[in-house]
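Numbering (this note's numbering), first residue to last: 10 to 482. Even for Gly, the Cβ is constructed at its ideal location relative to N, Cα and C.
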Ligand SMILES: *Cc1c(COP(=O)(O)O)cnc(C)c1O
């Protein structure tokens, strides 16, 4: 090491000097002393390495004074602490038009569900009957609501729909065989694969029919000594069109019951009210699954039902009782925050207020005209508040939204998009700037333009978008 290098390294601020800076003291309030100390250590190590790398270059001599190194260290500390503080789960504005955006938390909760979660977040009557002063059963009120909403005999709530499928297959079919059509061996959301869930639950999968055509005789022909269950899976994020055949649920139920077998329907998205008028295609309505003869049905809480992540099970009482008593249920059951959100959401469904109160359903049923009016108003407010000559060009065009969350892959609700172009910024840089906003605004990019779809944006978040767009200027 030469002498100039040594001088440099000696002027490196110590960790304790860095921790005495106003910035570090402020960050300690927010991140806690241990995390800030670890970051300060990382900053000084990085600076030391930089100095050693630069030592031979002429540049080093220029920025080696003690004061400037301390300032540099504080700037780095501030940057790293900012990143650290942003790495937790944060609220974002979803301007993608994808309603059940899996990466953004699928269904946003209703105001009532949010209030219920707050209420349950302290001590609560999770397993307690405050009137009798005795122990109550977890999830009982949610189960009652599900029974009323679906016409089933009993109901049970677990952590998600994948857990529901695992529990049902394990309890009803482990050690035996489960028959399923080849047209339904789907993968949903990258990590729910029907063959894997079968294997994990210890049932042998018997595939029948072909990808596009399966008849009730195929099911009948596969029934043997070891058969325990017939499973039907709603293909959710995938459709086979054209030359296709599949038996109706009524036919399948007859086939299963005449052989003393049970029929399990994995319905996926949890539609409780007929959405037929919204052209959602063929999402199964849970009440119909029960009426058509399914013995047990599973569906998600955070898809079109519009609530928290949960796996909902409804069906015949002796089956649901068996599931409730199994030790695996203890490992898969839902927590109090989830149950509170579900209870409030299911009440909206039961009161006939689902389309007014549940954001996912409200967004799904917004008309293109209503979205266009919002887009026009937003742009006129932007031009009023914008500094003259903003180098941003915004236009209104027709487009399509998406349901997402593995529902209705062939349904694209018509929408109105705001397109953004900028004189000095590429579409990718605009997208990144919006994503880096104080409240990240998530957009789409297509054909060199940034697209904003207000279908998935709360009206109360529009001002935030306007101020982020002005900052692009
Ligand atoms: C989405 C889906 C699942 C998985 O549901 P999660 O709640 O995400 O675990 C399982 N089966 C079907 C048919 C689905 O659509």
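Asked, Found
"Residue 415 to residue 55 span [Cα, whole Å]", "44 Å"
"Where residue 459 sits in the DSSP three-state scheme", "strand"
"Beta-carbon proximity list for residue 349, same chain, < 7 Å, skipping 5 on both sides", "125, 126, 128, 129"
"Coarse secondary structure for residue 423, derived from DSSP in three states", "strand"
"As assigned by DSSP and simplified to three states, the class of residue 478", "helix"
"Contact set for residue 89: own chain, Cβ-Cβ below 6 Å, skip 5 residues either direction", "48"
"Heavy atom of ligand 1 within 7 Å of residue 447 beta-carbon", "no"
"Proximity test, residue 417 beta-carbon vs ligand 1 heavy atom, cut-off 7 Å", "no"
"Residue 308: first and last residue of the uninterrupted beta strand (DSSP E) it sits in", "305-309"
"Residue environment, residue 448, which counts as buried when at least 16 other CB atoms sit within 10 Å", "exposed"
"Element boundaries [beta strand (DSSP E), containing residue 276]", "271-277"
"Ligand 1 heavy atom lying under 7 Å from the CB of residue 114", "no"
"Whole-angstrom distance between residue 183 and residue 175, CA atom to CA atom", "10 Å"
"Cα-Cα separation between residue 408 and residue 137, rounded to whole angstroms", "50 Å"
"Residue 30 versus 58, 264, 86, residue with shortest Cα-Cα distance", "86"
"Pick from 226, 214, 62 that is closest to residue 237, judged by C-alpha positions", "214"
"beta-carbon residue 275 near ligand 1 non-hydrogen atom, thresh 7 Å", "yes"
"Residue 264 CB to nearest heavy atom of ligand 1 below 7 Å", "no"
"Residue 170 Cβ short of 7 Å to ligand 1 heavy atom set", "yes"
"Cβ pair residue 151, residue 167 closer than 8 Å", "no"
"Residue 297, DSSP secondary structure in three states", "helix"
"Distance between residue 465 and residue 411 (C-alpha atoms, nearest Å)", "10 Å"
"The stretch 377-390 contacting the stretch 421-435, beta-carbon criterion three pairs below 8 Å", "yes"
"DSSP three-state assignment for residue 76, whether helix, strand or coil", "helix"
"heavy atom of ligand 1 below 7 Å from residue 110 C-beta", "no"
"Counted within 10 angstroms of its Cβ, other Cβ atoms place residue 106 as buried (16 or more) or exposed", "buried"
"Spatial distance of residue 189 from residue 363 (CA atoms)", "34 Å"
"Residues that residue 389 bridges to, as DSSP identifies them", "Residue 389 pairs with nothing; no bridge assigned."
"The stretch 311-324 / the stretch 264-280 touching (three or more Cβ pairs under 8 Å)", "yes"
"Any non-hydrogen atom of ligand 1 closer than 7 Å to residue 322 Cβ", "no"
"Contact test: residue 302 Cβ vs ligand 1 heavy atom, cutoff 7 Å", "no"
"Reduced DSSP secondary structure (H/G/I, E/B, other) of residue 350", "helix"
"Nearest-angstrom Cβ-Cβ length linking residue 82 and residue 53, presumed shorter than 8 Å", "7 Å"
"Opposing strand residues paired with residue 137 [DSSP bridges]", "144"
"The stretch 259-276 / the stretch 132-146 touching (three or more Cβ pairs under 8 Å)", "no"
"Contact check, residue 355 vs residue 158, beta carbons under 8 Å", "yes"
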